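Participant: Quick mapping for you: the protein sequence lines, in order, are chains A and B. Following full-length UniProt numbering, the numbering of the first sequence begins with 1 at its first residue and continues without gaps. Following full-length UniProt numbering, the numbering of the second sequence begins with 1 at its first residue and continues without gaps. Glycine included, each C-beta is placed from N, C-alpha and C at the ideal position. Predicted model, so just to flag it, every value in this text is computed and none were measured. Structure incoming, see below.
Protein chains: 2
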Amino acid sequence: MAGTTVEVYDTTLRDGAQQEGMNLSVADKMAIAPLLDELGVGVIEGGWPGAVPKDTEFFALVNKELSFRHAQFAAFGMTRRAGASAGSDPQVRALLDSEAPIITLVAKSDIRHAERALRVSGDENLAMIEETVAFLVGEGRRVVLDAEHFFDGYRYDPEYAIRALLAGEAGGASTLCLCDTNGGMLPDDVTRIVTDVRARTTAQLGMHAHNDSGCAVANSMAAVAAGATHVQGCVNGYGERTGNADLVAVAANLEIKRGMIALKGDGLAESTRIAHTISEITNIAPFARQPYVGASAFAHKAGLHASAIKVDPDLYQHTQPELVGNDMRMLVSEMAGRASIELKGREMGFELSDQPDVLKRVMDRVKNAEAQGYTFDAADASFELLLRWELGQAPQYWQVESWRVRVSSAPGNPNDADAEAVIKLRAGGGQRFVTVGEGNGPVNALDHALRTALAGAYPEIGRFELTDFKVRIMDASHGTDAVTRVLITTVDTVTGMQWRTVGVGPNMVEASYEALTDSLFYGLLKAEATPNP
Amino acid sequence: MAGTTVEVYDTTLRDGAQQEGMNLSVADKMAIAPLLDELGVGVIEGGWPGAVPKDTEFFALVNKELSFRHAQFAAFGMTRRAGASAGSDPQVRALLDSEAPIITLVAKSDIRHAERALRVSGDENLAMIEETVAFLVGEGRRVVLDAEHFFDGYRYDPEYAIRALLAGEAGGASTLCLCDTNGGMLPDDVTRIVTDVRARTTAQLGMHAHNDSGCAVANSMAAVAAGATHVQGCVNGYGERTGNADLVAVAANLEIKRGMIALKGDGLAESTRIAHTISEITNIAPFARQPYVGASAFAHKAGLHASAIKVDPDLYQHTQPELVGNDMRMLVSEMAGRASIELKGREMGFELSDQPDVLKRVMDRVKNAEAQGYTFDAADASFELLLRWELGQAPQYWQVESWRVRVSSAPGNPNDADAEAVIKLRAGGGQRFVTVGEGNGPVNALDHALRTALAGAYPEIGRFELTDFKVRIMDASHGTDAVTRVLITTVDTVTGMQWRTVGVGPNMVEASYEALTDSLFYGLLKAEATPNP
């Protein structure tokens, strides 16, 4: 099996977009498609032109503005209506009009779905499949048949399910994709059924898995082991209910664990960055525990292991994180103990092994802070500041006297509001600054006021840009009384360096103020600004 | 295989707590343990008494204060030190002192780990295993041997890996648990290796899987199919890196898909509630796409399917959500189309099928709102209000003139802050209220001011309690300039009814104000308060 090529078919833009809370605009799809091409998938399914107006627009725009290096473009649609010719069906014609070289036709292969949902006879359904495929193939398109509910259908009536596939083959479909639409299969079911189908046709077989029993990745692997050479899935495992098969995990398993050929170019080595960029566009928070590309996927916390990892990192990871563009990380945490803090310090350029008293004080501060709700796992910069304070290696850049923020409804319109912040501080050799900042929210206003006050003394401030701002309510049982944790990501636009800081407090504005001031402080430190408080 | 009993061994409190960002206090563990017992797991592993002071305290407290209906309690620890007797090793003695009836001993079964991490010879490692097990069994405890890195070890040196297991068996271990510690196996690897081990010993075999290749659930199922009758895992799939096997998904697959006996009592039917309650305690946001128990696990959005689901719901779900205490949900979304909005309306008691113009206006408003960042997937109450406004079935309870919030640093201490809100509104037959509320943050202060103003006209307000408050920054690329979405969960403490509302705006306080006022409005509506604006 090593050396076999498996076609990776991405349906993030169509089936993935069915996920709860996801809502992709045409612009979002235009931004995601080139990333999928860069990832090296063989096929990008763009949507359902003709049925979804946004998708019709997207296909026209792709034809005009995008060209792909690796991927071919596919349009998704349905078989023709009952009792009419394929060529006269406007939905089928819209698939042709999309100009996509590949057309993926969803077809009923479970007799119950044909009879109850589509309300056609089993024979008419088979005719609909064969004729629609033949029509599109006659027009020069490659056709992939998505046999919907195939596995459930096979378990209910195996002969009918296979006849539906064979109707597609007879029409000239290149690929018969077996869909576990309800996602309930386990790998041994898939092995048994795909093995049977493999013996009944010579067409390329594909697998389309959903994760309802937690086995979408394993089911995709089982199908390939039984002879499928086409796998469908979505980046980040997006999709309706529990999601589709996570395409990066499947491709990484195929390539790294089985020596097969899946993604084109060096897409796999870029997959962590690409998966995260796509989650920025979809606005779905990335799942830290996601296999291969998750932020935690190669993060070690256990004190027991931390010391052993120093000896031999490869004994503690299932593969090298670089293969998927991810990194091994040591986490600073109460559970980690001295070994991790020592390692983390060394990563940052501080040798603590000969300073047991500092190590002890840092550990105590970390424990204490974590008990209050801080997390340094995700805020390296705040941890470095903590370490520097304990080492006496933190300069003073400014001194804040006080600050305040006001948010009020617009006159006459309680549904609109604006914000204003005032800050008083000393910087630049004791000079006092009283500045005001406006903003579309309290933290934004505070950010503006703080920057205005500091810009005179530290022009470097202008280089720092806040790129992410995350708010987490820590104790959900208390509603608006809860403790808030704010994580801020900042980038130095000159050096490209990026860092994260954390603030915690019962008051969201106060927590933001802490993360904000830490962030600017850290930026000045790394820009080697001369302290002049 | 149907009818076989599989022992479900929970390690949420030990291995699960290794997850990035998780930090369990003794009180958290005391709250989680009874939930695990209610779930019906056979064994609860509490931690590592003797090595982790918090765990020693937890075991003492469990012995004093808890009794379990279903579960036995297990202490986790290591084999004895090299070159000393088991009985003289303080770490081993601490395991006895914990009074746990089951002791789970982690042991090296990969020769490389014995030699490089533990720095002992292969033979000494085997002696450490056999003697420590024998000592604990002699003291009347059941011993589970956790053969760490077993699968990697087997692939490197199968004979040594199996000798490590047999040393445990010789010492009297009841269970030999094969650990995929680095989580890199695929199900066919597991099938092959467990089948071989099964032929070499008569002891009970167990499986401990991690999810690094996305196959933890499938690997656990493969091990059971090959003869294991003990599975380890964590609720919600918690754990280091990509997490441990999700114990509820494994148990549900065993029971529902394979007819085996896994959880005791009716734990499976309570698993959704229990999994969510545990995530409240761990403070790790639940993953909506989690198999079986996720909020999205039985949620349907596709317009294509929505109309067919009306015909026959069982054709569109892999199992009945009630079996795991979850619910089928129809999601309102731009992609869903008329059929879903009609169904959702019917769920709420509004018949829209004969009002196409209302249906159209509601669809337009939903589309428009979703484009701005609203989501009604997670905010049924806001959707019902939108529907009622379009139907002209929303009363007026009050009229707000204006509001404002001020947050300022404490005098002399810029690191502390407090908040104060003023609201001006009319309610109670045109009576004007000007009220002030203090709070530990701007939203909390606004909540207090609003309630004070409304309480006179609507005493029902006192029954409503905010139980969750979620803030989501929608466009991460803009930092503090981004659009904010606020979701608020409120409960009526008299009826127990719970509802969620959404607010969106560039200003977090403004978005919160919207969700807050919608929430109180909806509560009054459901409490059938008489409008008196």
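Going by DSSP, which residues form a beta bridge with Asn413(A)?
Facilitator: The residue given as residue 413(A) occupies position 413 in the first sequence. Answer is Ala410(A).
Participant: Within the same chain, show all residues whose beta-carbon is closer than 8 Å to that of Val194(B), passing over the 5 residues directly before and after it, in chain order.
Facilitator: Taking the first residue of the second sequence as 1, we reach residue 194(B) at position 194. Here the set comprises Leu178, Leu205, Met207, Ala222, Ala223, Ala226, Gly227 and Ala228.
Participant: May I have the straight-line CA-CA distance separating Gly294(A) from Leu323(A), to the nearest angstrom?
Facilitator: Here residue 294(A) is taken as the residue at index 294 of the first sequence, counted from 1. Here residue 323(A) is taken as the residue at index 323 of the first sequence, counted from 1. If I take the Cα positions, the gap works out to 14 Å.
Participant: Considering only residues of the same chain and omitting the five flanking positions on each side of Gly428(A), which have a CB-CB separation below 7 Å?
Facilitator: For this step, residue 428(A) is matched to residue 428 along the first sequence. Here the set comprises Gly456, Ala457 and Asn532.
Participant: Spatial neighbours of Met30(A) within its chain, please: CB distance less than 8 Å, with the 5 preceding and 5 following residues excluded, ordered by chain position.
Facilitator: Position 30 of the first sequence holds residue 30(A). Result list for Met30(A): Phe58, Leu61, Val62, Glu65 and Leu66, in chain order.
Participant: For Ala2(B), which residues in the same chain have their Cβ closer than 6 Å to its Cβ, ignoring the five residues on either side in sequence?
Facilitator: The sequence position of residue 2(B) within the second sequence is 2, counting from 1. Excluding positions up to five away in sequence, the list reads Gly259.
Participant: Can you tell me which of Ala251(B), Val26(B) and Glu130(B) puts its alpha carbon nearest to the alpha carbon of Thr4(B)?
Facilitator: The sequence position of residue 4(B) within the second sequence is 4, counting from 1. When only C-alpha atoms are compared, the closest one is Ala251(B).
Participant: Name the chain A residues that come within less than 7 Å of Trp389(B), Cβ to Cβ?
Facilitator: Position 389 of the second sequence, counted from the start, is the residue given in the question as residue 389(B). None at all; the shortest Cβ gap to chain A is about 14 Å.
Participant: Can you name the start and end residues of the beta strand (DSSP E) that Lys108(B) belongs to?
Facilitator: Walking along the second sequence from the start, residue 108(B) turns up at place 108. Taken as a continuous stretch (DSSP letters only), the beta strand (DSSP E) holding Lys108(B) covers Ile102 to Lys108.
Participant: Starting from Gly505(A), follow the beta strand (DSSP E) in both directions and report where the run begins and ends.
Facilitator: Mapped onto the first sequence, residue 505(A) falls at position 505. Run containing Gly505(A): Gln498 to Gly505, per the beta strand (DSSP E) assignment.
Participant: Can you give, in chain order, each stretch of the alpha helix (DSSP H) that sits fully within the segment 338 to 411 of chain A and has at least 4 residues?
Facilitator: As far as the segment 338 to 411 of chain A is concerned, its whole alpha helix (DSSP H) runs of at least 4 residues are 356 to 372 and 380 to 391.
Participant: Which residue from Val8(A), Ile129(A) and Asp97(A) puts its Cα closest to that of Leu145(A)?
Facilitator: For the purposes of this step, residue 145(A) is taken as residue 145 along the first sequence, with counting starting at 1. If we check each option's Cα against that of Leu145(A), Ile129(A) comes out closest.
Participant: Using a beta-carbon distance cut-off of less than 9 Å, what residues from the segment 62 to 77 of chain A approach chain B?
Facilitator: Residues passing the 9 Å Cβ filter: none.
Participant: What do you reckon, are the CB atoms on Thr484(B) and Val471(B) nearer than 9 Å?
Facilitator: If you number the second sequence from 1, residue 484(B) lands on position 484. If you number the second sequence from 1, residue 471(B) lands on position 471. A contact, by the Cβ cut-off of 9 Å.
Participant: Look up Gln72(A) in the DSSP assignment and say whether it is helix, strand or coil.
Facilitator: Your numbering for residue 72(A) matches position 72 in the first sequence. Three-state DSSP puts Gln72(A) in a strand.
Participant: I'd like to know whether the C-beta of Lys257(A) is nearer than 9 Å to at least one C-beta of chain B.
Facilitator: For this step, residue 257(A) is matched to residue 257 along the first sequence. Closer than 9 Å: yes.
Participant: Roughly how many angstroms separate the alpha carbons of Asn236(B) and Ser279(B), rounded to a whole number?
Facilitator: Here the question's residue 236(B) lines up with position 236 in the second sequence. Here the question's residue 279(B) lines up with position 279 in the second sequence. When rounded, the distance between both Cα atoms is 8 Å.
Participant: Is the CB-CB distance between Leu331(A) and Lys301(A) below 9 Å?
Facilitator: Numbered from 1 along the first sequence, position 331 holds the residue referred to as residue 331(A). Numbered from 1 along the first sequence, position 301 holds the residue referred to as residue 301(A). Yes, the Cβ-Cβ distance between Leu331(A) and Lys301(A) is below 9 Å.
Participant: Could you check if Asn413(B) is buried or exposed, using at least 16 other CB atoms within 10 Å of its CB as the buried criterion?
Facilitator: Your numbering for residue 413(B) matches position 413 in the second sequence. Exposed, because fewer than 16 other Cβ atoms sit within 10 Å of the Cβ of Asn413(B).
Participant: Could one say the Cβ of Cys215(A) lies closer than 9 Å to chain B's Cβ atoms, at least one of them?
Facilitator: The sequence position of residue 215(A) within the first sequence is 215, counting from 1. Yes, Cys215(A) lies at the interface with chain B (some Cβ there is under 9 Å from its Cβ).
Participant: Under 8 Å Cβ-Cβ, which residues of chain A neighbour Glu115(B)?
Facilitator: As a working note, residue 115(B) is residue 115 in the second sequence. Those within 8 Å of Glu115(B) in chain A number zero; the least Cβ separation is about 10 Å.
Participant: Is it buried or exposed for Pro356(B), if we count other Cβ within 10 angstroms and need 16 for buried?
Facilitator: Numbered from its first residue, the second sequence carries residue 356(B) at position 356. Exposed, by the Cβ-count rule.
Participant: Assuming Thr12(B) contacts Arg80(B) (C-beta within less than 8 Å), just tell me the rounded distance between them.
Facilitator: By one-based count along the second sequence, residue 12(B) stands at place 12. By one-based count along the second sequence, residue 80(B) stands at place 80. In fact, because the Cβ distance is near 27 Å, the residues do not count as touching under 8 Å.
Participant: Kindly indicate the opening and closing residues of the beta strand (DSSP E) around Val43(B).
Facilitator: The residue you call residue 43(B) lines up with position 43 of the second sequence. Residues Val43 to Gly47.
Participant: What number of angstroms, rounded off, separates the C-alpha of Gly373(B) from the C-alpha of Val504(B)?
Facilitator: If you number the second sequence from 1, residue 373(B) lands on position 373. If you number the second sequence from 1, residue 504(B) lands on position 504. Each residue's Cα considered, the two are about 7 Å apart.
Participant: Using beta carbons (cut-off 9 Å, strictly below), is Gly16(A) in contact with chain B?
Facilitator: The residue labelled residue 16(A) in the question sits at position 16 within the first sequence. False, the Cβ-Cβ gap to chain B never drops below 9 Å.
Participant: Using a C-beta to C-beta distance shorter than 9 Å, which residues of chain B count as neighbours of Ser402(A)?
Facilitator: Locating residue 402(A) in the first sequence gives position 402, counting from the first residue. Ordered by position in chain B, the residues that pass the 9 Å Cβ test against Ser402(A) are Ser408, Ser409, Ala410, Pro411, Gly412, Asn413 and Pro414.
Participant: If you run the structure through DSSP and keep just helix, strand and coil, what is Ala427(A)?
Facilitator: In the first sequence, the residue the question calls residue 427(A) occupies position 427. Here Ala427(A) sits in strand by DSSP.
Participant: Can you give me the C-alpha to C-alpha distance between Leu186(B) and Ser109(A), rounded to a whole angstrom?
Facilitator: Within the second sequence, numbered from 1, the residue matching residue 186(B) stands at position 186. Within the first sequence, numbered from 1, the residue matching residue 109(A) stands at position 109. Cα to Cα, Leu186(B) sits roughly 29 Å from Ser109(A).
Participant: For Met78(A), which residues does DSSP report across the bridge?
Facilitator: Reading the first sequence from its first residue, position 78 is the one you call residue 78(A). BP columns for Met78(A) point to Val106(A).
Participant: What is the DSSP secondary structure of Thr530(B), counted as helix, strand or coil?
Facilitator: Sequence index remark: in the second sequence, residue 530(B) carries index 530 (1-based). If DSSP states are grouped into helix, strand and coil, Thr530(B) belongs with coil.
Participant: Got a sec: which bits of the segment 224 to 240 of chain B sit with their beta carbon under 9 Å from any beta carbon on chain A, in order along the chain?
Facilitator: Cβ contacts with chain A come from Ala225, Gly237, Tyr238, Gly239 and Glu240.
Participant: Can the beta-carbon of Ala147(A) be found less than 9 Å from the beta-carbon of Gly168(A)?
Facilitator: Taking the first sequence and counting its residues from 1, one reaches residue 147(A) at position 147. Taking the first sequence and counting its residues from 1, one reaches residue 168(A) at position 168. A contact, by the Cβ cut-off of 9 Å.
Participant: Can you have a look at Gln18(B) and say buried or exposed, based on whether 16 or more other CB atoms are within 10 angstroms of its CB?
Facilitator: The count along the second sequence starts at 1 and reaches residue 18(B) at position 18. That one is buried.
Participant: So which residues on chain B does Lys301(A) lean against when the C-beta distance must stay under 7 Å?
Facilitator: The sequence position of residue 301(A) within the first sequence is 301, counting from 1. In chain order: Gln18, Glu20 and Glu240.
Participant: Quick check: the Cα distance between Ala421(A) and Glu20(A), rounded to an integer number of angstroms?
Facilitator: For the purposes of this step, residue 421(A) is taken as residue 421 along the first sequence, with counting starting at 1. For the purposes of this step, residue 20(A) is taken as residue 20 along the first sequence, with counting starting at 1. One C-alpha to the other measures close to 37 Å.
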